[in-house]
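So for the sequence shown, the working numbering puts the first residue at -4; every next one is plus one. Encoded as structure tokens, the structure appears first; notes follow it.
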Amino acid sequence: RKGRYGAFLMEECEQNFASHSSSHLVCDILKRLRRHLPDHMGVSAKIRVVSSPQDLRERVLRLVHDGEIDMLTVHGRTLEENKAYSGPCRLDSIRVAVETCADTGVLVVANGGIESKWDADWIQSETGAHAVMSSEGILEVPSLFAEDKLDTEMTPRQILARQTRLAHRYLDNCSIYPPVPGSLGTEGGSFGVIRSHLFKILHRYFQENPELRTSLASTKTTSIVHARALVNQIEDCYAKMPDEQLDLQSSSHPDSSWYRRHWNEATREHVRKGNHASAPIPKPLSVAKDDSVDPMKRDLSIKAKKKEIAARILKMQQRRDNHQHSKKVNV
């Protein structure tokens, strides 16, 4: 809000545009990007939904036609639905955006309410979006889209092993590809980025072991060696603990995760058709293996999947080019 960017800038632009007091700054920025970038480089925008379906349609069309975007990501929550007030994702609103873009050649990515791969598959199916993205959930579980099991189908010991393994792997990658120095400010250099990611990956265990959380937050902890030692300490904390005792720890409760940190009784209901978020969720039914099914959901080799996806992207680009050509002809 203070920086006048993101969803706040979008709201300001919409209000000014509605009162005819100025042009639409967001669309002007996007259009300028389109003018100066090579044709093969796409321009995308990300928005939050609004309560009125008609207002949402108008907003989407403005971005598509005036902003000349190639891809639109839609977060299925309003500006006010944030953190502790987020509530369930508005899949109907995302579907409105998908239907609005149906004949424009613009790809729509669904965002919001994605805590697992099952959520991703289900939300894509429910909205008809071309793809989905995770923001909060994937910060805690970077392997989210590769996880076949829900957390409710795993034991606390298995979840602990997964999270510490992800933390070690993240630190391995940081050794090879160090974060850009100063990404989160000048103090602490690039380790600030590493610290931030570890807090999220191991959130439930740092909450349960505040002395280790304090150690990670300390300005004296400034290296990957220090960070790895803390991950090892977390493993040691639970290594000799019997499974029966581990099951009773607060870190073993589903609501102890980073993704659910803002959840309360008012926001307990998740996107899954009103099911209680902590309850086990049935896996989606398998689909028939025909050409109409998304290649990512079919029993294909990785090479075949990539080939089919490339063909789909080419087809979408051709639709977009044809649409742009028809616009110029009409003009």
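Quick reminder that beta carbons are idealized off the backbone N, C-alpha and C, glycines included. Treat the numbers as computed from the prediction; the structure is a model and nothing was measured.
Check	Outcome
Check for me: the alpha helix (DSSP H) holding K144 runs from which residue to which?	It is not in any alpha helix (DSSP H) - K144 carries neither H nor E in the DSSP assignment.
Where does P237 land, buried or exposed, given buried means 16+ other C-beta within 10 angstroms?	exposed
How is the alpha helix (DSSP H) around M5 delimited, first residue to last?	G1 to A13
Can you have a look at T68 and say buried or exposed, based on whether 16 or more other CB atoms are within 10 angstroms of its CB?	buried
Between G71 and A97, is the Cβ-Cβ spacing less than 9 Å?	no
Taking L51 and V91 to be in contact with their CB atoms under 8 Å, please state how far apart those CB atoms are, rounded to whole angstroms.	5 Å
Determine contact between the stretch 240 to 247 and the stretch 145 to 158, defined as no fewer than three beta-carbon pairs at a distance below 8 Å.	yes
Is it true that the CB of E9 sits closer than 9 Å to the CB of R43?	no
Within the continuous alpha helix (DSSP H) that includes K26, where are the two ends?	L20 to H31
When the distance is taken between beta carbons, is G123 closer than 9 Å to C84?	no
Relative to the alpha-carbon of E131, which residue among S111, T150, D146 and D143 has its alpha-carbon at the smallest distance?	S111
Tell me the residue span of the alpha helix (DSSP H) that contains H198.	H198 to E203
Quick one: what does DSSP say L327 is sitting in, helix, strand or coil?	Outside the shown range of the chain (-4 to 326) lies residue 327, about which nothing can therefore be said.
Find the nearest neighbour of T150 within the set S39, L241 and Q49, judged by alpha-carbon distance.	L241
Would you mind sorting V175 into buried or exposed? The rule is 16 or more other CB atoms within 10 Å of its CB.	exposed
Distance, Cα to Cα, W258 vs H198?	15 Å
What does a CB cutoff of less than 7 Å around L86 pick up in its chain, not counting 5 residues either side in sequence?	G71, I118, E121, T122 and V266
Name the DSSP beta bridge partners of L102, please?	M66
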